[in-house]
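Residue numbers (mature numbering (1 follows the signal peptide of the UniProt record, and there is no 0)): -18 to -1, 1 to 266. Built from N, CA and C at the ideal position, the CB exists for glycine as well. Right, one structure below, let's go through it.
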């Protein structure tokens, strides 16, 4: 366990000076967001029926963009703002392009031009922004449930995160092998999913799959087992179900969350890597 914790700590440190999570480097994407807002407004004006989720997302873009433009340095000094900004331009733009605008060739071509012009944040930028949140939590001992509401310590610095936002934070932390933090964010996502039955942009099974992975990554097989059972009822072909039983068989000697002594360095660094080498990458 100590080696696993050390690995996560080393990984976090490696992101301190990397990616586009710093305020001054994110500012250049404000023009991209401005262009996207303009193109989105033009498309909406040409449509007679517009989905409610589209209008809600547009309002979110405009409010956040207005806050960012008013004082970019202040806006991007907030770790949640940095994450949500990158997420809007990385995840949300893609979502609106692929799902909401399936028949809108003109709009989709504009979004594709953003990609060709390399004026959109990358997956690495999204990961860096999430790890920035993890560093903030670690440094200031911030509770996940409060931070998800936009509360830093005892000060509310912005509106709260959505169910899908919390899910994305947890998913990115899983990908970076920061499993303890991932568990907290995915638990928060599931809590919000159960409490709010309005329009979710993420399925319950997706949250539960990532939550199970976070438990498996921390060798908390008993906690993972109950989640995997729920996942199997929702999707019997889920890769997480297969992974859990393979991992459980491999580590059947696991006691008190201690790893078997016959696992090599790479597996010790990231146990799931043994079974899913094509998906996971060891951070060391």
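Three or more pairs of CB atoms, one per stretch, sit closer than 8 Å, so the stretch 168 to 179 contacts the stretch 146 to 159. Listed as beta-bridge partners of residue 137 by DSSP are 134. For residue 196 against residue 145, the beta-carbon gap comes to about 17 Å, at or over 8 Å, which does not count as contact. Between residue 123 and residue 132, the gap from beta carbon to beta carbon reaches 7 Å or more.
In the structure shown, residue 122 adopts helical secondary structure according to DSSP, grouped into three states. The distance from the Cβ of residue 65 to that of residue 5 is about 13 Å, inconsistent with a contact at the 8 Å cut-off. The beta carbon of residue 70 sits closer than 8 Å to the beta carbons of 15, 42, 43 and 46 from its chain, once the five residues preceding and following it are set aside; these are given in chain order. Secondary structure at residue 221: helix, using DSSP grouped into helix, strand and coil. CA-to-CA, the gap between residue 102 and residue 231 works out to about 43 Å. Closest in alpha carbon position to residue 94, among 136, 21 and 61, is 21. In the DSSP assignment, residue 200 falls outside any alpha helix (DSSP H), carrying neither H nor E.
If you draw a straight line from the Cα of residue 59 to the Cα of residue 215, it comes to about 43 Å.
Contact annotation, residue 18 with residue 75: C-beta distance approximately 6 Å; criterion of less than 8 Å satisfied. Closest by C-alpha distance to residue 160, out of 198, 127 and 206, is 198. DSSP places residue 93 within a helical segment (H, G or I) once states are collapsed to three. Just measuring C-alpha positions, the residue of 24, 49 and 39 sitting nearest residue 12 is 49.
Annotated three-state conformation of residue 102 is coil, per DSSP. In the structure shown, residue 59 falls within a coil segment according to DSSP collapsed to helix, strand and coil. In the DSSP assignment, residue 74 falls outside any alpha helix (DSSP H) and carries neither an H nor an E. Out of 212, 200 and 203, the CA that lies nearest to the CA of residue 189 is found in 212. A residue is called buried when at least 16 other Cβ atoms come within 10 angstroms of its Cβ; residue 107 meets this threshold and is buried. In the structure shown, residue 142 adopts coil according to DSSP, grouped into three states. In the DSSP assignment, residue 50 falls within the unbroken alpha helix (DSSP H) covering 34 to 52. Non-local beta-carbon contacts of residue 143 in its own chain, meaning distances under 6 Å to residues more than five positions away in sequence, involve 130 in chain order. By the beta-carbon neighbour count (other beta carbons within 10 angstroms, threshold 16), residue 88 is exposed.
When the beta-carbon positions are compared, residue 193 and residue 168 come within less than 7 Å of each other. Rounded to the nearest angstrom, the gap between the Cα atoms of residue 207 and residue 36 is 38 Å. By the criterion of a C-beta distance shorter than 8 Å, residue 220 is surrounded in its chain by 187, 191, 213 and 214, once the five residues flanking it on both sides are discounted. Using a 10 angstroms sphere on the CB of residue 218, the tally of other CB atoms stays under 16, which defines it as exposed. Ranked by Cα distance from residue 200, the first of 92, 137, 62 and 163 is 163.
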